[in-house]
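Sequence order for the protein chains is A and B.
The C-terminal position of the first sequence is numbered 357 in the numbering used here, with every residue numbered one higher than the one before it.
The C-terminal position of the second sequence is numbered 233 in the numbering used here, with every residue numbered one higher than the one before it.
Input: a single structure, listed below in structure tokens.
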Amino acid sequence: MFEVAVSKRRGTFHLDARFESPTPGVVALFGRSGSGKSTLVHIVAGLLDADAGRILIDGRCLLDTEKGVKVPPQRRRIGVVFQDSRLFPHLDVSGNLNYGRKRAKAPFFVTLDEVVDLLGLTSLMERRTHQLSGGEAKRVAIGRALLSQPSLLLLDEPLSGLDASRRGELLPYLERLRDELAVPMAYVSHDFDEVLRLATHLVLLDRGRTVAQGDLTTMSLNPDLRAIIGADAVGAIVDGVVLGTDAQSGLTRVAVGRNHLELESPGAVAGSTLRVQLLARDLIVATSAPRDMSVRNVLEGTVRDVAADSGGSDLITIDIGGTLIIARITHAATRELQLAPGRGAWVLVKAVSLRGYATPKTV
Amino acid sequence: MTMWLSADESRALQLSLTVALRSVLFSLPPALLVAWVLTRRRFPGRTLLDAFVHLPLVLPPVMVGYLLLLLLGNRGPIGGWLQREFGIALVFTRNGAAVATAVMSFPLMVRAMRLSLETVERGLEEAACTLGAGAIDRLATITLPLMMPGLLAGAVTAFSAALGEFGAVITFVSNIPGETRTLPLALYTALQTPDGEAAAARLAIISFTLGLSGLLLSEWFARRVRVLLGR
């Protein structure tokens, strides 16, 4: 368990963050810029003093202002990957990687060879840091932090400052870290796509306060999240079991609730879990069983809730057999279909609107 | 060089180099400390300390020499103590000459180090800290190596300046051939001697060459290290 409860006043800004997240796992600290994410990172790493609070990782106390405990940053065993990489310019890549390894204060859980292999650093070892691209520098920074054998890997917006294609290159490496090493990770981000792909637990920060937290599926329906990511990105995130991939159509079938979804997810293995996001704006609601359509996915369920959303639309929460999803439709449609809690409904979604991500093993 | 320099002149040259080297060795550690304090610490009296460090640049060197004589002379508060406790005499010795030049070149050294310390990003020290490096470890493995260009440039500049210090040296340790008669003092003496013009010209050329090579060398060091760091 990674437990944080800290407060800090800085001028007019007041940080008051409280959360607990299971370990191992990836907790995403998510919020707009200016929500206090960076301040929180610095406090957890010990680079900034909190006014009051406690920080524990798997029972090990790093900070407790009441008991007067404050472990200095060099003994916290928190591997920090800074936004700006912060590689040492007077050392080459191998020197940077070994800097943390030589000072590791815990039994090794990962070796230099494993890190080099995991992050694809073999061809970079002799390079000077200024000869690295942004994405390469990030990978080296991650490797350096990992080799210090940390009890928590703290990643402060590791993809910021990289263009879209570099982000795409780096994300799989981060997924591998999550799935192949059991090191707990805290991932700070203001990009929900990254959170969707990596996180197992989500903590929402808004104006210095932790406004909501929980596992990703639960949090995907949270109204505070909607306020931060905006109407277009709202949608249920569900974890389903892969049934198999149809050789002819190439579509993967995933069991979700009492229903199943078909979507394109190359490489999905039968029996594994897949995380699927159903964007509210892509869902179509019907009140009778639809027939003769191109739409691949028809999910049968019951309306649980109808809530007015911004801009003349409603958010309809529908139970599809133990799993909740939400759809955005216009007020007019809600009226015409007479949607109300308890009413049976069919939800339609195109296979091409769905994206599936391999789910963290730890879920 | 000794081919066309007289024995006295080559002795003055050797002495100058010895004195300048010791002077740099004396001033390097305190200059590093002062530069660090001035750059990284905020405390009352910081501006005063800053001004105090720079005093030798604006005071008449003779006055600095006189001050040193008062403080470090055999009967001075510090000089007397050094003499009693350790048997170290500074007045009329080459070590005294090194102390005088160290004091005079101290501001140059501190300035160079402050400039280079300011270019060391605090973020890198923070990163080292999170990787398990304590304060001394960070200083030795991150801060000092990154300061190297400024450190070397400062040391070479101070060395060159030390070769040329006149007023403070002659006032504090006098003009003793073979012990405190450094290049500028030998040059001065030659000018005071009838028929000394040829000797003076030779000494002047040596001083000029040494000074220029020092400045070039310091620039070359700085550039080499910058290239190495990829800046």
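Built from N, CA and C at the ideal position, the CB exists for glycine as well.
Since residue i meets chain A, which of its residues come closer than 7 angstroms, beta carbon to beta carbon?
| i | result |
| --- | --- |
| I144(B) | F82 |
Which residues share a DSSP beta bridge with residue i?
| i | result |
| --- | --- |
| Q207(A) | V197(A) |
| I51(A) | F(-4)(A), R54(A) |
| E294(A) | W340(A) |
| N253(A) | V250(A) |
| L149(A) | V75(A), Y181(A) |
| Y167(A) | BP columns for Y167(A) are empty, so no partner. |
| V235(A) | A249(A), T267(A) |
| A301(A) | L309(A) |
| L273(A) | G229(A) |
| S1(A) | D10(A), A46(A) |
Pick helix, strand or coil for residue i, following the three-state DSSP scheme.
| i | result |
| --- | --- |
| N76(B) | coil |
| M65(B) | helix |
| F210(B) | helix |
| Q125(A) | helix |
| G137(A) | helix |
| D45(A) | coil |
| T311(A) | strand |
| G114(A) | coil |
| S215(B) | helix |
| V112(B) | helix |
| I222(A) | helix |
| A321(A) | strand |
| K132(A) | helix |
| G82(B) | helix |
| R183(B) | coil |
| D286(A) | coil |
| D187(A) | helix |
| D107(A) | helix |
| D86(A) | strand |
| T121(B) | helix |
| T195(B) | coil |
| N216(A) | coil |
| R329(A) | helix |
I want to verify the contact list: residues of chain A whose CB lies under 9 angstroms from the CB of residue i, in sequence order.
| i | result |
| --- | --- |
| P147(B) | F82, H84, L85 |
| E120(B) | Those do not exist, as E120(B) stays about 16 angstroms from chain A at its closest Cβ, beyond 9 angstroms. |
Assuming residue i is part of the beta strand (DSSP E), what are its boundary residues?
| i | result |
| --- | --- |
| R12(A) | 7 to 15 |
| G62(A) | That residue, G62(A), is in no beta strand (DSSP E); it is neither H nor E in DSSP. |
| V279(A) | 278 to 280 |
Decide if residue i is buried, meaning its Cβ has at least 16 other Cβ atoms within 10 Å, or exposed.
| i | result |
| --- | --- |
| Q194(B) | exposed |
| A201(B) | buried |
| T103(B) | buried |
| L141(A) | buried |
| G53(A) | exposed |
| M213(A) | buried |
| R329(A) | exposed |
| M111(B) | buried |
| T132(B) | buried |
| G229(A) | buried |
| Q332(A) | exposed |
| E199(B) | exposed |
| K61(A) | exposed |
| V289(A) | exposed |
| F13(A) | buried |
| T211(B) | exposed |
| R43(B) | exposed |
| T246(A) | buried |
Starting from residue i, find everything on chain B with Cβ-Cβ shorter than 8 angstroms and list it in chain order.
| i | result |
| --- | --- |
| I72(A) | T132 |
| Y93(A) | A130, L133, A135, T143 |
| F(-4)(A) | In chain order: nothing, as chain B lies at least about 16 angstroms away. |
| P284(A) | Within chain B, no residue comes near P284(A); the closest Cβ sits about 56 angstroms away, beyond 8 angstroms. |
| P152(A) | Chain B residues near P152(A): none, gap ~14 angstroms exceeds 8 angstroms. |
Using the beta-carbon of each residue, which ones in chain B are nearer than 9 angstroms to residue i?
| i | result |
| --- | --- |
| K2(A) | Within 9 angstroms Cβ-Cβ: nothing; K2(A) doesn't reach chain B, min ~17 angstroms. |
| F76(A) | G125, E128, A129, T132 |
| R138(A) | A129, L133 |
| P166(A) | Those do not exist, as P166(A) stays about 25 angstroms from chain B at its closest Cβ, beyond 9 angstroms. |
Taking the alpha helix (DSSP H) that residue i falls in, what are its first and last residues?
| i | result |
| --- | --- |
| F24(A) | Where F24(A) is concerned, there is no enclosing alpha helix (DSSP H), although the beta strand (DSSP E) it sits in stretches over 20 to 24. |
| G306(A) | Note, G306(A): premise wrong, no alpha helix (DSSP H); not H, not E. |
| G156(B) | 146 to 166 |
| G350(A) | Here G350(A) belongs to no alpha helix (DSSP H); instead the beta strand (DSSP E) covers 349 to 352. |
| E128(B) | 124 to 132 |
| F54(B) | 48 to 60 |
| V171(B) | 169 to 175 |
| E11(B) | 9 to 42 |
Going along chain B in order, which residues have a C-beta closer than 7 angstroms to the C-beta of residue i?
| i | result |
| --- | --- |
| S142(A) | L133, G134 |
| K99(A) | G134 |
Proximal residues, the region 39 to 54 of chain A versus chain E, C-beta separation under 9 angstroms: In the structure shown, chain E cannot be found, because the protein chains are A and B.
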